[in-house]
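Taken in sequence, the protein lines are chains A and U.
Going by the working numbering, the first residue of the first sequence is number 854, and it counts up by one from there.
Going by the working numbering, the first residue of the second sequence is number 854, and it counts up by one from there.
Virtual Cβ for every residue (Gly too), placed ideally from N, Cα, C.
Predicted model, so just to flag it, every value in this text is computed and none were measured.
Beneath this line is the structure, given in structure tokens, with notes to follow.
2 protein chains.
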Amino acid sequence: MLSSVWIVLSCHASRPWPYIITLFQTLTKSTPFQSSLSLSSFSYSHFLCVFFFFGTFFMALSKISTSHTPSQTLKPNFYSKPCVPLQCYDARRSGVSFEQHRKLRISCSVAPNQVQAPVAPAVPSDTTSNRDCYGVFCTTYDLKADEKTKSWKSLIKIAVSGAAGMISNHLLFKLASGEVFGPDQPIALQLLGSERSLQALEGVAMELEDSLYPLLREVSIGINPYEVFQDCEWALLIGAKPRGPGMERAGLLDINGQIFAEQGKALNAVASRNVKVIVVGNPCNTNALICLKNAPNIPAKNFHALTRLDENRAKCQLALKAGVFYDKVSNMTIWGNHSTTQVPDFLNAKINGIPVKEVIKDTKWLETEFTERVQKRGGVLIQKWGRSSAASTAVSIVDAIRSLVTPTPEGDWFSTGVYTNGNPYGIAEDIVFSMPCRSKGDGDYELAKDVIIDDFLRERIKKSEAELLAEKRCVAHLTGEGNAFCDLPEDTMLPGEQ
Amino acid sequence: MLSSVWIVLSCHASRPWPYIITLFQTLTKSTPFQSSLSLSSFSYSHFLCVFFFFGTFFMALSKISTSHTPSQTLKPNFYSKPCVPLQCYDARRSGVSFEQHRKLRISCSVAPNQVQAPVAPAVPSDTTSNRDCYGVFCTTYDLKADEKTKSWKSLIKIAVSGAAGMISNHLLFKLASGEVFGPDQPIALQLLGSERSLQALEGVAMELEDSLYPLLREVSIGINPYEVFQDCEWALLIGAKPRGPGMERAGLLDINGQIFAEQGKALNAVASRNVKVIVVGNPCNTNALICLKNAPNIPAKNFHALTRLDENRAKCQLALKAGVFYDKVSNMTIWGNHSTTQVPDFLNAKINGIPVKEVIKDTKWLETEFTERVQKRGGVLIQKWGRSSAASTAVSIVDAIRSLVTPTPEGDWFSTGVYTNGNPYGIAEDIVFSMPCRSKGDGDYELAKDVIIDDFLRERIKKSEAELLAEKRCVAHLTGEGNAFCDLPEDTMLPGEQ
Chain A
854 MLSSVWIVLS
864 CHASRPWPYI
874 ITLFQTLTKS
884 TPFQSSLSLS
894 SFSYSHFLCV
904 FFFFGTFFMA
914 LSKISTSHTP
924 SQTLKPNFYS
934 KPCVPLQCYD
944 ARRSGVSFEQ
954 HRKLRISCSV
964 APNQVQAPVA
974 PAVPSDTTSN
984 RDCYGVFCTT
994 YDLKADEKTK
1004 SWKSLIKIAV
1014 SGAAGMISNH
1024 LLFKLASGEV
1034 FGPDQPIALQ
1044 LLGSERSLQA
1054 LEGVAMELED
1064 SLYPLLREVS
1074 IGINPYEVFQ
1084 DCEWALLIGA
1094 KPRGPGMERA
1104 GLLDINGQIF
1114 AEQGKALNAV
1124 ASRNVKVIVV
1134 GNPCNTNALI
1144 CLKNAPNIPA
1154 KNFHALTRLD
1164 ENRAKCQLAL
1174 KAGVFYDKVS
1184 NMTIWGNHST
1194 TQVPDFLNAK
1204 INGIPVKEVI
1214 KDTKWLETEF
1224 TERVQKRGGV
1234 LIQKWGRSSA
1244 ASTAVSIVDA
1254 IRSLVTPTPE
1264 GDWFSTGVYT
1274 NGNPYGIAED
1284 IVFSMPCRSK
1294 GDGDYELAKD
1304 VIIDDFLRER
1314 IKKSEAELLA
1324 EKRCVAHLTG
1334 EGNAFCDLPE
1344 DTMLPGEQ
Chain U
854 MLSSVWIVLS
864 CHASRPWPYI
874 ITLFQTLTKS
884 TPFQSSLSLS
894 SFSYSHFLCV
904 FFFFGTFFMA
914 LSKISTSHTP
924 SQTLKPNFYS
934 KPCVPLQCYD
944 ARRSGVSFEQ
954 HRKLRISCSV
964 APNQVQAPVA
974 PAVPSDTTSN
984 RDCYGVFCTT
994 YDLKADEKTK
1004 SWKSLIKIAV
1014 SGAAGMISNH
1024 LLFKLASGEV
1034 FGPDQPIALQ
1044 LLGSERSLQA
1054 LEGVAMELED
1064 SLYPLLREVS
1074 IGINPYEVFQ
1084 DCEWALLIGA
1094 KPRGPGMERA
1104 GLLDINGQIF
1114 AEQGKALNAV
1124 ASRNVKVIVV
1134 GNPCNTNALI
1144 CLKNAPNIPA
1154 KNFHALTRLD
1164 ENRAKCQLAL
1174 KAGVFYDKVS
1184 NMTIWGNHST
1194 TQVPDFLNAK
1204 INGIPVKEVI
1214 KDTKWLETEF
1224 TERVQKRGGV
1234 LIQKWGRSSA
1244 ASTAVSIVDA
1254 IRSLVTPTPE
1264 GDWFSTGVYT
1274 NGNPYGIAED
1284 IVFSMPCRSK
1294 GDGDYELAKD
1304 VIIDDFLRER
1314 IKKSEAELLA
1324 EKRCVAHLTG
1334 EGNAFCDLPE
1344 DTMLPGEQ
């Protein structure tokens, strides 16, 4: 009963007195992280209201991000409003009523591992056509006209998690500028944040607005992956919990595994059936494995773990050693895990089309210092720059996407962590392993042929493989393969990514 | 005499004891805001030295804004090593000494108004051909081949100050990606930092390296504008001192004015004769005026103060109010100073080609709230995001450059702060004032015609004009126009830029 009172009140959230009432309610009974769906929804609302009372930050939160697993309580016509366009809060400021939106939003807190993967997509496909919109984003005819006059492709939806972080702060503007998908590809950005980051997320949306990118047609922000991943054709999963002080790698695997299990379920429920997923949050290989295991309706082949920054760094180090410009280095493979067991492959790499070992005679350097330099690059950068490498990581995500949407140059390949399911390299199946790939530019890829593997290389590949199999055992409870058993030998987190 | 002793000592500014000596000098005779030119210059040096003594912050100042006209002390062969290529520190890490490079930097503390602008370019044009280079950047034949095979344009040099800051961290990657100058324009980045930021600057260079941008052929970093601005065709002056606690706008004008006077002299001495300069560091209009007054050999027309972010924000707010997509708003002018006296012009602006006032009937909103929203946007963003708007500022710098290197669409125009030297709008001459401009895409511009100015608009333009004339009087000692006299009525710094 109280809660219904609250919902009515909060529809008039622009006036202060409901906050006062709700503040008292909250102080008396709020327990924000209850796991019971029904109860926590009330307490959550109250929890929010306290903050409304203290400032506009949480107004933004209530307006934009609170939400519910659609399949559980929302009536079908509610699905048609899963995202709040960029202009919502501006519409509010410019006097256009935002309140109808509020009424549609009910807030629940569900711990990630309580979410059940819906058996079928939660959203009837027909409802996506009549989405609610505001301001510029109502003029869809307008976009259609633009598509025609400017011979644009039709809009694609790109979901990004950890959207308020530094990597995203670089990446989002690259996506919006057309640098990634081309100057004829209009895009919608669907940004997933956390409660804590929601205000910052609004700031990001404001900056995207002020950038006037013609190709950026929609921006929505939220904290519920079941809403934010709605119909997305790309999911760039950057957000992950940083490692806390004294946290073991196993602990990091578990805490982030929870997040990626939930996001996998959400993708399975609401994303495009052919969504391409790039996992950046560490430990990214195993996070990607967890994610794809929780998304049975999406082809496992569509999931990637980002090892492109390692590839780029490896190319740069070879160029430096050989004294050539970096664009002369090709066929660079990063094998295995995005960790210190990763294997930058100098056996198959080429400089000006010639095998690296014929150009760089210093075999000792190749076998020891080279790999070390690639792995420690992030650490050196933090020492120099005081921050982790957000900009170049964003660039490597752009590279990873473009490698899938543009044809791979003849005779070359790129590295990406993909699901092993029948590979010619003798790598264990059913893990996410970085390997050399080629693409026709259709978003799909195939494994590269003509790859040599000698004993030295095989031995190092096996070490990374063993680590990934161990990580897999640590997260068995998240991949639906029984009880976890964790026996990670050592800490293999890359310097600068701790 | 004392002061000459001081100058000699401070040439070894990297050791602490001269500061101690200068500290005593200062305590006995420093009077920082003396109006007498000759005296104030000395007292200024002392004034600075006190701060040197208290921390590295002001060491930065001494390195950025102190330097020496090469023609006075450097031997010609020193000119041949004005820049530190991207690979220098890599070379260093791989055993090649970086120190000989550092030794080439002679740094003396000379108050800017003691430095004489050289009568001729300080660098014999022939010396630029035999520059020192490292790693990939020695293979210039390589670039020439690329230019031919890839039908690239020839390399342009772009200098950026404040290169270790957040705005630059976005901007540099946009420049390197080809987003600004196009996919056929190879570039060299010449990054100006401070002693304090030099390490971070190395970090930036490392990230640029790891990004493998094929168009980015050179990166050099340095702390001496006379080296870093060498032959640059674009100078993006982003670095400026933030406003200290309790610092008056007059104080900010003076402390940043010193920097921009110095950088103007450096551009005059070593930059391309047709360098285009965009001043971003605040207060940018008056900084731009100071800069151009100290660069008599460069056309005053080539200097710009950035008001493009204000223009973009204004367009966005009009779009929101009218409920159209932002790409439908055109002919947006920001008049005057980049401060709270700026005038976003809704009289001449158009939505879908129709005057704004015919589309937005709410005149009260246009006359009051609209301008306020544009001005307060930065402040709101800081509240939300916790940081100032680095990303969208970088985007607006990109827009400002592209507006000069691509033809302006028929009937439209853009805003930029330029030197007033015969304008049809009745604006006072000899200041830097933001006005509507058009470009043929040759890097040059002309003032827009068909601009209406009614009484309401004129009155507000006059207010901004009056402010700029007052700011100009405050910095007379830096523009060579006699003694400064400061009577700024109020603080007009934009929220979010304090």
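- Only residues of its own chain outside the window of five on either side were considered, and among them 1017 have a CB closer than 6 Å to the CB of residue 1053 of chain A, listed in chain order.
- Inclusion of residue 1097 of chain A and residue 1184 of chain A in the CB contact set at 9 Å is not warranted, their separation being larger than that value.
- The secondary-structure analysis by DSSP pairs residue 1197 of chain U across a beta bridge with U:1187.
- With its beta carbon at least 9 Å from every one in chain A, residue 1047 of chain U lies outside the interface.
- Distance from the CA of residue 1167 of chain A to the CA of residue 1219 of chain A, rounded to the nearest whole angstrom, comes to 11 Å.
- Shown here for residue 1169 of chain A: same chain residues with a beta carbon closer than 7 Å to its own, the five before and five after excluded, namely 1179 in chain order.
- Residue 1169 of chain A reaches chain U at 1062, 1063, 1065, counting residues in chain order whose Cβ is nearer than 8 Å.
- When the alpha-carbon of residue 1093 of chain A is set against those of A:1289, A:1300, A:1115, A:1083, the nearest one is in A:1115.
- Per DSSP, the beta-bridge partners of residue 1207 of chain U are U:1204.
- Around the beta carbon of residue 1004 of chain U, a 10 Å sphere encloses fewer than 16 other beta carbons of the protein chains shown; the residue is thus reported as exposed.
- The beta carbon of residue 1272 of chain U sits closer than 7 Å to those of 1145, 1153, 1154, 1156, 1285, all from its chain and outside the five residues before and after it, given in chain order.
- For residue 1075 of chain A, the enclosing beta strand (DSSP E) starts and ends at 1069 to 1075.
- Put simply, of U:1266, U:1080, U:1302 the residue whose alpha carbon is nearest the alpha carbon of residue 1276 of chain U is U:1302.
- With a cutoff of 9 Å on beta-carbon distance, residue 1125 of chain U and residue 1080 of chain U are scored as not near each other.
- Using beta-carbon distances, residue 1162 of chain U counts as an interface residue toward chain A, with a partner under 9 Å.
- Closest in alpha carbon position to residue 1310 of chain A, among A:1056, A:1188, A:1331, is A:1188.
- Residue 1273 of chain U carries a coil assignment under DSSP once its states are collapsed to helix, strand and coil.
- Interface criterion not met: the Cβ of residue 1100 of chain U is under 9 Å from no Cβ in chain A.
- The three-state secondary structure of residue 1093 of chain U, taken from DSSP, is coil.
- Going by C-alpha positions, residue 1318 of chain A is about 23 Å away from residue 1090 of chain A.
- Using a Cβ distance threshold of 9 Å, residue 1340 of chain A and residue 1329 of chain A do not count as a contacting pair.
- Counting along the chain, the unbroken alpha helix (DSSP H) around residue 1315 of chain U starts and ends at 1308 to 1327.
- For residue 1240 of chain U, the three-state secondary structure derived from DSSP is coil.
- In the three-state DSSP reduction, residue 1346 of chain A falls in the coil class, being neither helix nor strand.
- Using a 10 angstroms sphere on the CB of residue 1282 of chain A, the tally of other CB atoms stays under 16, which defines it as exposed.
- In the DSSP assignment, the residues bridged to residue 1043 of chain A are A:1012, A:1073.
- Neighbours of residue 1038 of chain A across chain U, judged by C-beta separation under 9 Å, do not exist; the nearest C-beta is about 15 Å away.
- Rounded to whole angstroms, the gap between the alpha carbons of residue 1259 of chain U and residue 1293 of chain A is 33 Å.
- Only residues of its own chain outside the window of five on either side were considered, and among them 1040, 1042, 1061, 1064, 1066, 1068, 1069 have a CB closer than 8 Å to the CB of residue 1029 of chain A, listed in chain order.
- DSSP places residue 1102 of chain A within a helical segment (H, G or I) once states are collapsed to three.
- In terms of beta-carbon proximity, residue 1212 of chain U stays away from the interface with chain A, with every pair separated by 9 Å or more.
- Residue 1050 of chain U and residue 1056 of chain U have their alpha carbons spaced roughly 10 Å apart.
- If you ignore the 5 residues before and after residue 1038 of chain A, its C-beta comes within less than 8 Å of the C-beta of 1005, 1006, 1009, 1031, 1068, all in its own chain and listed in chain order.
- The residue from A:1107, A:1211, A:1288 with its alpha-carbon nearest to that of residue 1190 of chain A is A:1288.
- Contact annotation for residue 1217 of chain U against chain A: no contact, minimum CB-CB distance about 12 Å [criterion: below 8 Å].
- Between the C-alpha atoms of residue 1020 of chain A and residue 1238 of chain A there is a straight-line separation of about 15 Å.
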